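Numbering (UniProt numbering), first residue to last: 1 to 401. No residue lacks a Cβ here, since even glycine has one placed at the ideal position from N, Cα and C. Please read these numbers as outputs of a predicted model, since none were measured by experiment. Down below is the structure, laid out as structure tokens.
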Ligand SMILES: Cc1cc2nc3c(=O)[nH]c(=O)nc-3n(C[C@H](O)[C@H](O)[C@H](O)COP(=O)(O)OP(=O)(O)OC[C@H]3O[C@@H](n4cnc5c(N)ncnc54)[C@H](O)[C@@H]3O)c2cc1C
């Protein structure tokens, strides 16, 4: 009989299963689909292997780099093109995002690149508001109302909301402050202001980019993890949906959204990838891409200029360009809309679309509290760094029992 049964073959389930098996436990992993990895997935567009979902990881804490090292992928960790992402405001031209911000929350509201987005009156008001005593922070504190109270509506709507939406696929009004960034509550307590907290977190961050990728695509993490888990004896069963976790052998680890009761509905996100030919894009007119504020004249919420962001991909695309747009509400004609939106956001005509792909994902809500052993996005928040770190800690705690 297996010592552990893991339900769900996304990154969280694979990490837990691999770690438990590496310590000598007998582990069986059940995945309802025929594919492991969830939104860390590959698709081929115009013959180019691309990430269909996640395409980078946060470098903070070094968690993902340690795992990639164990999987023999250290040499393939790559940094994205340096430089800020851009912001498409509700009106006017796109601007680079402020350099010293975190989730769009500025460390200095009076910095010229912040004033350029929110205006001087809103910037001065933000300084005044953030000088007031900090309110109590609880698990129920939402990021949106908190930022509104500390920095005002303009900073929230014009800066923080587009960035948070790009990272978490959620409006900050719906996002718990504790889930927005793992270090934020402690930094707030230490600094006594939100701008001070952002300064601290930025100063504590290692130099260089906050994110990295894998040469060839993030999806390589899943194939390497799965191969390694199997080589350590994990019994991976694809196409098996678990409805009654109580009937499984051994200690059960839930790594599948939906089994631990969700605290809310999942959120749909549609991605449209275009492979285009357009020499003007060689100059990367919007850096690695843009986040889009509500009210802007496009349906897309964000655009990644993937061939500008990743050098390995630029080489693989052989002169063509890859742009990826994300949508909350799928347009009637996704490819035509994505092309028009990309032209608006990049400020460049795109007459030649070589190939295109449209994929739909669902991001789960946080799990309600339960007695089950749960790993993954529903408890660790969005993002591979947090999910992998939490899964590793959970496996260590299970082994220590
Ligand atoms: C479009 C998109 C882009 C993203 N980009 C990034 C990024 O660039 N960087 C980053 O760090 N994060 C990114 N994320 C977030 C990150 O990819 C996810 O948080 C992470 O992959 C979730 O892993 P998980 O193991 O918790 O869940 P999942 O990967 O969703 O795994 C859960 C698995 O459980 C299976 N399952 C569900 N129910 C059952 C059942 N009853 N029985 C058996 N199996 C079941 C599912 O089929 C699935 O395979 C992105 C997410 C999306 C959607």
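Subject >> Length-filtered (3 minimum) beta strand (DSSP E) runs lying within the region 282-351 >> reply: 289-292, 302-305 and 321-327
Original post:
How would you write the range of the alpha helix (DSSP H) that residue 237 sits in, first residue to last?
Top reply: In the chain shown, counting from the first residue as 1, residue 237 sits at position 237. No alpha helix (DSSP H) holds residue 237; the beta strand (DSSP E) holding it covers 235-238.
**OP:** Let me know the secondary structure DSSP gives residue 387 once reduced to three states.
**Re:** Here residue 387 corresponds to residue number 387 of the chain shown, with the count starting at 1. DSSP places residue 387 in helix when its eight states are reduced to three.
Original post:
Are there three or more Cβ pairs, one per stretch, closer than 8 Å when the region 247-258 is compared with the region 101-116?
Top reply: no
**OP:** Could you tell me how far apart the beta carbons of residue 378 and residue 260 are, in whole angstroms, since I believe they sit closer than 8 Å?
**Re:** The count along the chain shown starts at 1 and reaches residue 378 at position 378. The count along the chain shown starts at 1 and reaches residue 260 at position 260. Confirmed, about 6 Å.
Original post:
Using 8 Å as the Cβ pair cut-off and three pairs as the minimum, do the region 62-73 and the region 141-153 touch?
Top reply: no
Subject >> First and last residue of the uninterrupted alpha helix (DSSP H) at residue 161 >> reply: Translated into positions along the chain shown, residue 161 becomes position 161. Where residue 161 is concerned, the enclosing alpha helix (DSSP H) stretches over 161-168.
Original post:
Where in the region 235-281 do unbroken runs of the beta strand (DSSP E), each at least 3 residues long, occur, reported from the N-terminal end onward?
Top reply: 235-238, 251-254 and 267-277
**OP:** With a threshold of 16 other CB atoms inside 10 Å of the CB of residue 35, please say whether the residue is buried or exposed.
**Re:** In the chain shown, the residue the question calls residue 35 occupies position 35. By the 10 Å Cβ count, residue 35 comes out exposed.
Subject >> C-beta contact flag for residue 125 and residue 173 at 8 Å >> reply: Within the chain shown, numbered from 1, the residue matching residue 125 stands at position 125. Within the chain shown, numbered from 1, the residue matching residue 173 stands at position 173. For residue 125 and residue 173, no; Cβs fall outside 8 Å.
**OP:** Could you tell me which residues DSSP puts in a beta bridge with residue 362?
**Re:** For this step, residue 362 is matched to residue 362 along the chain shown. In the DSSP output, where bridge partners are listed per residue, residue 362 has 268.
Subject >> Euclidean distance between Cα positions of residue 344 and residue 243 >> reply: Sequence index remark: in the chain shown, residue 344 carries index 344 (1-based). Sequence index remark: in the chain shown, residue 243 carries index 243 (1-based). Distance between the alpha carbons of residue 344 and residue 243 is about 46 Å.
**OP:** Taking only heavy atoms of ligand 1 into account, decide whether any of them is closer than 7 Å to the Cβ of residue 117.
**Re:** Counting from one through the chain shown, the residue named residue 117 turns up at place 117. Flag unset: Cβ of residue 117 not near ligand 1.
**OP:** Please classify residue 280: is it buried, with 16 or more other beta-carbons within 10 angstroms of its beta-carbon, or exposed?
**Re:** The residue you call residue 280 lines up with position 280 of the chain shown. Classification of residue 280: exposed, given that the 10 Å Cβ count is below 16.
Subject >> Outcome for residue 401 when other beta-carbon atoms lying within 10 angstroms are tallied against a minimum of 16 >> reply: As a position in the chain shown, residue 401 is number 401, starting the count at 1. Residue 401 is exposed by the Cβ-count criterion.
**OP:** Give the C-beta separation of residue 21 and residue 232 to the nearest angstrom, bearing in mind that I take them to be a contact with Cβ-Cβ under 8 Å.
**Re:** On the chain shown, residue 21 is found 21 positions in, with the first residue counted as 1. On the chain shown, residue 232 is found 232 positions in, with the first residue counted as 1. Their Cβ separation, rounded to whole angstroms, is 4 Å, which keeps residue 21 and residue 232 in contact under 8 Å.
Original post:
Given residue 386, which residues of its chain have a CB within under 7 Å of its CB, disregarding the five upstream and five downstream residues?
Top reply: Translated into positions along the chain shown, residue 386 becomes position 386. For residue 386, where only same-chain residues beyond five positions count, the Cβ hits under 7 Å are 182 and 380.
Original post:
Residues bridged to residue 146 by DSSP?
Top reply: Residue 146 sits at position 146 when you count from the first residue of the chain shown. DSSP lists no partner for residue 146.
Subject >> Assumed close pair residue 302, residue 291 - CB separation to whole angstroms, cut-off 8 Å >> reply: Working through the chain shown from its first residue, we reach residue 302 at position 302. Working through the chain shown from its first residue, we reach residue 291 at position 291. Yes, they are in contact, since the Cβ atoms of residue 302 and residue 291 sit about 5 Å apart, within 8 Å.
**OP:** Could you please give the first and the last residue of the uninterrupted beta strand (DSSP E) stretch that includes residue 43?
**Re:** Translated into the one-based positions of the chain shown, residue 43 becomes position 43. Per DSSP, residue 43 belongs to the beta strand (DSSP E) from 42-45.
Subject >> residue 275 vs residue 355 beta-carbon contact at 8 Å >> reply: Against the chain shown, residue 275 aligns to sequence position 275. Against the chain shown, residue 355 aligns to sequence position 355. A contact, by the Cβ cut-off of 8 Å.
Subject >> Buried versus exposed, by CB contacts within 10 Å (16 or more), residue 269 >> reply: Taking the chain shown and counting its residues from 1, the one referred to as residue 269 is at position 269. That one is buried.
**OP:** With residue 69 as the anchor, note down where its beta strand (DSSP E) starts and where it stops.
**Re:** By 1-based counting over the chain shown, the position of residue 69 is 69. Per DSSP, residue 69 belongs to no beta strand (DSSP E); it is in the alpha helix (DSSP H), 63-70.
Original post:
What's the gap between the Cα of residue 272 and the Cα of residue 278?
Top reply: The residue given as residue 272 occupies position 272 in the chain shown. The residue given as residue 278 occupies position 278 in the chain shown. Answer to the nearest angstrom: the Cα atoms are 18 Å apart.
Original post:
Ends of the beta strand (DSSP E) at residue 213?
Top reply: The residue labelled residue 213 in the question sits at position 213 within the chain shown. Residue 213 -> beta strand (DSSP E) spans 211-214.
Original post:
Any idea if residue 389 is buried or exposed, counting beta-carbon neighbours within 10 angstroms, 16 or more meaning buried?
Top reply: Taking the chain shown and counting its residues from 1, one reaches residue 389 at position 389. Buried is the call here.
Original post:
Just checking my contact of residue 195 with residue 107 at CB under 8 Å: how many whole Å lie between their CB atoms?
Top reply: Here the question's residue 195 lines up with position 195 in the chain shown. Here the question's residue 107 lines up with position 107 in the chain shown. That belief holds up - the Cβ atoms of residue 195 and residue 107 are roughly 6 Å apart, short of 8 Å.
Original post:
Going by C-alpha distance, which of 246, 207 and 341 is nearest residue 371?
Top reply: Residue 371 sits at position 371 when you count from the first residue of the chain shown. With distances taken between Cα atoms, residue 371 lies closest to 246.
**OP:** Starting from residue 31, follow its DSSP beta bridges and name the residues at the other end.
**Re:** Taking the first residue of the chain shown as 1, we reach residue 31 at position 31. Per DSSP, 238.
Subject >> Inter-residue Cα distance where the pair is residue 54 and residue 215 >> reply: Taking the chain shown and counting its residues from 1, one reaches residue 54 at position 54. Taking the chain shown and counting its residues from 1, one reaches residue 215 at position 215. Their backbone Cα atoms lie some 14 Å apart in a straight line.
Original post:
Is the region 127-140 in contact with the region 159-174, if contact means three or more CB pairs nearer than 8 Å?
Top reply: no
**OP:** State buried or exposed for residue 204, treating a residue as buried only when at least 16 other CB atoms are found within 10 Å of its CB.
**Re:** Here residue 204 corresponds to residue number 204 of the chain shown, with the count starting at 1. Label assigned to residue 204: exposed.
Subject >> Own chain partners of residue 119 with C-beta closer than 8 Å, once the 5 adjacent residues on each side are dropped >> reply: Mapped onto the chain shown, residue 119 falls at position 119. The residues are 154.
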